[in-house]
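Worksheet for the structure shown next.
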Ligand code: OAD
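Numbering (the numbering used here), first residue to last: 4 to 250.
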């Protein structure tokens with residue numbers, strides 16, 4: 004066991020309020036590609052064209068095809084050992100919650116109960132007119148952007164597209180936890196998208212110990228990270244749990 008894992012486990016052992024912030028990297032080992040980097044989703048689809056609210060309003064049927072493809076990709080995926088380790092940490096009373104930028108529902112599938120969906124959830128639709136939400140039937144998504152069963156207005160995936168605000172309740176809860184926590188575990192995020200990327204900086208400025216799990220160093224690694232766990236989260240997070248169990 005490396006000394007950095009032992010150091011991270013010691014911080015967690017003494018934590019009164021630990022929280023995790025996760026990004027696409029934690030789901031990579033479940034078979035869902037990340038957004039940036041080689042083979043990333045944004046290499047194939049430009050976010051301006053397929054992930055902005057302006058694009059959706061301009062041509063909803065075209066953008067719907069992208070979300071349909073993404074939903075198809077996520078559908079057969081299962082949580083991996085990284086998701087399970089965070090769910091275990093919550094069950095053990097160590098972790099207060101997971102703030103995730105992911106829209107794939109895999110933390111919930113792994114058993115995490117307090118999941119703050121910072122960028123929404125691609126399993127739901129929301130109506131742009133009456134704001135009604137409903138679950139997507141992934142077996143029957145259709146070729147055209149869906150219409151609301153109540154008011155017939157256009158519906159969209161209940162995710163934060165570029166040009167949209169973070170849902171207020173998620174923003175409030177996430178920022179309150181970031182201010183309050185004494186340990187933050189930052190997993191599989193490139194530190195490029197704000198305001199999510201602010202969270203580790205907020206935690207650090209309030210004195211939190213920052214554990215980062217990533218396969219590559221990020222802007223966090225240089226500036227706020229106290230314990231950098233290099234490697235796939237599906238390996239490093241279970242190692243962290245094992246270290247926590249050893250006294
Ligand atoms: P990115 O694709 O930007 O970054 C993924 C990060 O995961 C990178 O830092 C990788 O090095 C790391 N990584 C890859 N595999 C890993 C593994 N097995 N274990 C640990 N780390 C690994 O994804 P996000 O940071 O989540 O927003 O992107 C943030 C937001 O940008 C997304 O929520 C999405 C996107 O545009 C919206 O769509 C609004």
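Even glycine gets a Cβ: it sits at the ideal position worked out from N, Cα and C.
Please state whether the Cβ-Cβ distance between residue i and residue j is less than 8 Å.
i           : j           : result
residue 161 : residue 128 : yes
residue 243 : residue 11  : yes
residue 86  : residue 104 : no
residue 240 : residue 216 : yes
residue 66  : residue 107 : no
residue 223 : residue 190 : no
residue 133 : residue 168 : no
residue 59  : residue 159 : yes
residue 194 : residue 218 : no
residue 234 : residue 83  : no
residue 90  : residue 74  : no
Between residue i and ligand 1, is the CB less than 7 Å from at least one heavy atom?
i           : result
residue 170 : no
residue 245 : no
residue 195 : yes
residue 165 : yes
residue 31  : yes
residue 86  : no
residue 189 : no
residue 108 : no
residue 216 : yes
residue 104 : yes
residue 39  : yes
residue 198 : no
residue 228 : no
residue 74  : no
residue 116 : no
residue 241 : no
residue 79  : no
residue 257 : Residue 257 lies beyond the stretch modelled for the chain, which goes from 4 to 250, so this question has no answer here.
residue 237 : yes
In chain order, what residues of the same chain have a beta carbon less than 6 Å from the beta carbon of residue i, not counting five sequence neighbours either side?
i           : result
residue 185 : 18, 19, 20 and 211
residue 229 : 212 and 213
residue 139 : 126 and 128
residue 93  : 115
residue 192 : 26
residue 102 : 24, 119, 121 and 177
residue 232 : 216 and 239
Just to confirm my understanding: we take residue i, look at its own chain, exclude 5 residues before and 5 after, and list those with CB closer than 7 Å. What are they?
i           : result
residue 15  : 21, 97, 186 and 247
residue 57  : 166
residue 37  : 27, 28, 31 and 43
residue 205 : 178, 181 and 182
residue 63  : 148 and 157
residue 69  : 48 and 53
residue 34  : 80
Of all the CB atoms in chain D, is at least one closer than 8 Å to the CB of residue i?
i          : result
residue 20 : Any reference to chain D falls outside this structure, which holds one protein chain only.
Take residue i and list the residues in its own chain whose beta-carbon comes closer than 8 Å to its own, dropping the five residues that flank it on each side.
i           : result
residue 180 : 20, 22, 99, 100, 102 and 119
residue 9   : 246
residue 163 : 121, 122, 123, 169 and 170
**Asked** Can you find at least 3 beta carbon pairs, one from the segment 42 to 56 and one from the segment 197 to 211, that sit closer than 8 Å?
**Response** no
- prompt: Within the chosen definition, does the segment 139 to 159 reach the segment 168 to 185 through at least 3 CB pairs nearer than 8 Å?
  reply: no
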